[in-house]
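**Q**
2 protein chains.
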Amino acid sequence: MGEVVECVPNFSEGRRREVVDRIVQSISSVPEIKILDVEMDGDHNRSVITFVGNKSSVQEGAFLAARTAAELIDLTKHSGEHPRMGALDVLPFIPIEGVTMKECADIAVAVGERIAKSLEIPVYLYEAAARKPSRRQLENVRRGQFEGIRESIRTDETRRPDFGPRQVHPTAGAIAVGARMPLIAFNINLDSQDLDAAKEIARTIRTSGGGLPHLKALGLRLEGKGLVQVSMNLTDYTITSMSRVFDEVQREANARGVQVAESEIIGLVPLDAVCDIAARFLKLEKFENKQVLERRIWC
Amino acid sequence: MGEVVECVPNFSEGRRREVVDRIVQSISSVPEIKILDVEMDGDHNRSVITFVGNKSSVQEGAFLAARTAAELIDLTKHSGEHPRMGALDVLPFIPIEGVTMKECADIAVAVGERIAKSLEIPVYLYEAAARKPSRRQLENVRRGQFEGIRESIRTDETRRPDFGPRQVHPTAGAIAVGARMPLIAFNINLDSQDLDAAKEIARTIRTSGGGLPHLKALGLRLEGKGLVQVSMNLTDYTITSMSRVFDEVQREANARGVQVAESEIIGLVPLDAVCDIAARFLKLEKFENKQVLERRIWC
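Respectively, the protein sequence lines represent chains W and G. All residue numbers for the first sequence refer to my numbering, where the first residue is 500 and numbers rise by one. All residue numbers for the second sequence refer to my numbering, where the first residue is 500 and numbers rise by one.
1. Using a Cβ cut-off of 9 Å, pull out every chain W residue sitting near methionine 741 (chain G), in sequence order please.
2. Please tell me whether serine 762 (chain W) and isoleucine 687 (chain W) are closer than 7 Å, where the distance is taken between their beta carbons.
3. By how many angstroms is the C-alpha of glutamine 692 (chain W) removed from the C-alpha of glycine 725 (chain W)?
4. Ignoring anything shorter than 3 residues, give me the beta strand (DSSP E) runs that lie fully in the region 604-668 of chain W, in order along the chain.
5. Along the chain, which unbroken stretches of the alpha helix (DSSP H) at least 4 residues long are found entirely within the region 757-786 of chain W?
6. Helix or strand or just coil, what does DSSP make of asparagine 732 (chain G)?
7. Along the region 715-733 of chain G, where does the CB come closer than 8 Å to a CB of chain W? Name the residues.
8. Sort out for me which residues DSSP pairs asparagine 686 (chain G) with in a bridge.
9. Using a Cβ-Cβ cut-off of 6 Å (strictly less than) and excluding sequence neighbours within five positions of glycine 501 (chain G), which residues of its own chain qualify?
10. For leucine 719 (chain G), name the three-state secondary structure that DSSP assigns.
11. Out of G:Leu689, G:Ser555, G:Glu619 and G:Ala684, state which residue places its alpha-carbon closest to the alpha-carbon of leucine 672 (chain G).
12. Among W:Asp735, W:Ile674 and W:Ala696, which one has its Cα closest to the Cα of isoleucine 614 (chain W)?
13. Quick one: which chain G residues come within Cβ less than 7 Å of valine 551 (chain W)?
14. Just to make sure I have the definition right: I need the residues of chain G whose C-beta is within less than 7 Å of the C-beta of lysine 785 (chain W). Which are they?
15. Given a cut-off of 7 Å, decide if glutamate 505 (chain W) and isoleucine 595 (chain W) are closer than it, judged by their beta-carbon atoms.
16. Applying the 10 Å Cβ sphere with the 16-neighbour rule, what's the burial state of serine 511 (chain W)?
17. Quick one: what does DSSP say asparagine 753 (chain G) is sitting in, helix, strand or coil?
18. Between W:Pro712, W:Asp735 and W:Glu747, which lies nearest to valine 474 (chain W) when the distance is taken from Cα to Cα?
19. So which residues of chain W does lysine 533 (chain G) contact, with C-beta pairs closer than 7 Å?
20. If we count the other Cβ atoms within 10 Å of its Cβ and call it buried at 16 or more, is arginine 641 (chain G) buried or exposed?
21. Please identify the residue among W:Ser617, W:Ala772, W:Gly647 and W:Asp542 whose C-alpha is closest to the C-alpha of glycine 663 (chain W).
22. For serine 528 (chain W) and alanine 586 (chain W), what's the separation of their Cα atoms in angstroms?
23. Give the DSSP bridge partners of arginine 545 (chain G), in chain order.
24. Please report how far the alpha carbon of glutamate 793 (chain W) lies from the alpha carbon of alanine 604 (chain G), in whole angstroms.
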């Protein structure tokens, strides 16, 4: 596999397994696609499917996922805690291997246009695929959700979709299609019960507080452990490395007389991000992920 | 690829490319084998081929490598700096994925027996495949080299081979067949020109000096950089981790008023060893290589 694009569509259905299974089947029907993960969340009534393939197979898989979701999910009957605006709600393409971010943005544009034309669903391009600066943030694109967009898409010029009709699809809504880096969910637990300290540290280090770029952070209490946590999403580890994040949190914690207890990575992490950590802490002068034995075997 | 065995045969030929090419071709002729690396060394007149496959394909590839080497290499005409006793000199099998060390030792036994029977070459089992404690160390097995073993194999009971005739093959010599962990070649450069310090640190940390298990170490001068180096081979990173080695070298260096300048990994390193480093330095509570995105894709 020389060329690998990851696709992580989010669907507004997390309770009916048969619906999610049908969507997975439609994606799997494309040769050279590998499904990495399927997560259903009943509370949020939402599912996330993770799959990889080469550029053309991922495009086909993503389109079939959109079509199957439009057939089987009726958003007028949907309720759940998570913000959403479409049956297939968010469709990001992520460069993993031998593919640039530009190419992933091009894929988003091609798939978005096809979805709009064939399925008559309005498409907003977001993040690296965005054509308007205001659409680089997914939160902006999804503002108002299904119910709100139904109105604003017709009346508000700033809500005009990049592709497709200027009205939401009656049951499938609208879709945000984009390109982004892999997300890393990284949490650092502090040996403390001081929730304010965790919240302060989170505010200090996150991008929105003027801290590190590409970092979202919240302070939380972990009831079970009797600790507080700085819970983070790192949206571009090539700009802000995990070791940089760890160092900053540790520094901020120590400045408040608090120690780092432990940390955790939730879900998947790119090999490069792991190699970066090793290189940083062992002072490795030259180290590239091509030196990882398994990569040589599999790649 | 659920099951991966690595095989790293060493051959007593590092100058005639056509000979090495023929050996590589014979290995590659086996389906499901992947050649990872071919290194020829003219000074040592020696080559190292690295390949991987499942249990049965690796056995077949190793046997064909032995047969081709016996056909094309005449040890009576060989000279070079490296100790050797066979045309195919050393044949280790290494567990990488979904295979135990015991299974690799069993492969060594099966291939060793086949080589001895079919090619009439004496075989010594070494390291994890050794049947005598004295043969766990490759240096012991190879003592005397081709010329010395020619005599001792017949007269010295302790040099009786595990399989095959009690005389060396006239042109192909004898072969050490074994099972071992992946080697990691790890060097740490000190911000110093004090060669004695590097040598002292090496002596202190290495296994033979009562230091860390599974660690070989030498102190060297790096003329080009104006630094000294602790040059190491880590023979079982699951027992002595790279971060442990780094910490110890750093501690010993600091105790002598010397700083670590940088480090380097020469060649390949198992993914687990890299994940260990990340987990250690980020205090990752639970972290396994299954969380590495690319592993999920390729494995």
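The beta-carbon is built from N, C-alpha and C at its ideal position, and this holds for glycine as well.
**A** This is what the structure holds:
1. Ala777 and Leu781
2. yes
3. 6 Å
4. 622-626
5. 770-780
6. strand
7. none
8. G:Ser730 and G:Glu763
9. Gly597
10. strand
11. It should be noted that the sequence gives glycine, not leucine, for residue 672 (chain G). The shortest C-alpha separation from glycine 672 (chain G) is found at G:Glu619.
12. For the options W:Asp735, W:Ile674 and W:Ala696, the alpha carbon positioned closest to that of isoleucine 614 (chain W) is the one of W:Ile674.
13. Ile796
14. Glu763
15. yes
16. buried
17. helix
18. With chain W covering only 500 through 798, there is no way to say anything about residue 474 (chain W).
19. Ile796
20. buried
21. Cα-wise, what sits closest to glycine 663 (chain W) is W:Ser617.
22. 20 Å
23. G:Asp540
24. 21 Å
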